[in-house]
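Protein chains in written order, with our numbering: chain A, 1421 to 1534; chain B, 68 to 180.
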C-alpha cells in the first residue's frame, strides 16, 4: 500500500521568502511522485513529477522538488514566493505512470503575506 | 487548460436520488480516472477505466459505478445518494500507452441535501 504524508496543513510565508512544503511517502515499489496545485473552486494542475530520472525535478511557476530515497521525501520548494502562489498544494504517489492511480496527501494551504 | 472537460460544473441532488457526471478526456488519451474530493481533504481514487474496461477501483461501494465510451469519454454514476457524497468530483485523463501524466478537469461540485 502507498501513502503520502504532508506535514503542515497550513503554511504562511512572506512575499519574496522561500517556500517549503513537505511531503513524505511510503511505497513498497519505486514510486512515481507528483505535486499538484489547486486554486479555489478549480481542479488540479500538475506542478511537477518524479519518474525515476533526475532526482531534482523542476516544474512550472518556479517550483522544484527533490526526491530523497533515504528520507522517503519529496519536498516542494520555491526560492521566492509570489502572491499568485497562494493555493492548496497536494503531493501524490503512484505505482504507475500513464495510468496512475494517485494516492494524495491531505494538502497544504499556502498563504502569502504581503 | 488541460482539454479535460466535466459537466455539469455544479448540481444539487436530494438524498436517495441518482446522479450522472460526465467527463470528456483529452485528445489522444485512453484512460480516465475519477476522484472524490470532500471539503478540506485530498482527492480519493474512485476507479479507473482503460479502453472501456474498469482497471482498478478504490474503497468505494458498488453504488458508485462508471462507464467509458469508444471515444474514451466517461460517466460516473452514483445511486442512492447520501449526504456524505457531497464533494467535488474530479476526472483525470491520461494515456497508458503513451505514458503521459494525468490531466485533471475542473470538477463537478455535487451537493446532496
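Backbone N, C-alpha and C define an ideal beta-carbon position, used for all residues, glycine too. Only a predicted model underlies this, so the values are computations on that prediction, with no experimental measurement involved.
Need the endpoints of the beta strand (DSSP E) that residue i sits in, please.
i: residue 145(B); result: 141-145
i: residue 122(B); result: 120-124
i: residue 1459(A); result: Premise fails: residue 1459(A) is in no beta strand (DSSP E) and is neither H nor E.
i: residue 112(B); result: 111-117
i: residue 89(B); result: 86-91
i: residue 1426(A); result: Careful: residue 1426(A) lies outside any beta strand (DSSP E) and carries neither H nor E.
Can you find a CB in chain B that lies within less than 8 Å of the CB of residue i?
i: residue 1527(A); result: yes
i: residue 1520(A); result: yes
i: residue 1498(A); result: no
i: residue 1524(A); result: yes
If you run the structure through DSSP and keep just helix, strand and coil, what is residue i?
i: residue 1441(A); result: strand
i: residue 150(B); result: helix
i: residue 1482(A); result: helix
i: residue 1521(A); result: coil
i: residue 1491(A); result: helix
i: residue 1500(A); result: coil
List, in chain order, every chain B residue whose beta-carbon is nearer than 9 Å to that of residue i.
i: residue 1510(A); result: 109 and 110
i: residue 1469(A); result: 168
Could you tell me whether the Cβ of residue i comes closer than 8 Å to any Cβ of chain A?
i: residue 145(B); result: no
i: residue 172(B); result: yes
i: residue 91(B); result: no
i: residue 74(B); result: no
i: residue 141(B); result: no
Taking Cβ-Cβ distances shorter than 9 Å, what residues in chain A pair up with residue i?
i: residue 157(B); result: 1463 and 1464
Taking Cβ-Cβ distances shorter than 7 Å, what residues in chain A pair up with residue i?
i: residue 21(B); result: Given a span of 68 to 180 for chain B in the structure shown, any question on residue 21(B) remains unanswerable.
i: residue 100(B); result: 1521
Output, in chain order, the set of chain A residues within a Cβ distance shorter than 8 Å of residue i.
i: residue 132(B); result: None at all; the shortest Cβ gap to chain A is about 17 Å.
Name the chain B residues that come within less than 8 Å of residue i, Cβ to Cβ?
i: residue 1494(A); result: Those do not exist, as residue 1494(A) stays about 15 Å from chain B at its closest Cβ, beyond 8 Å.
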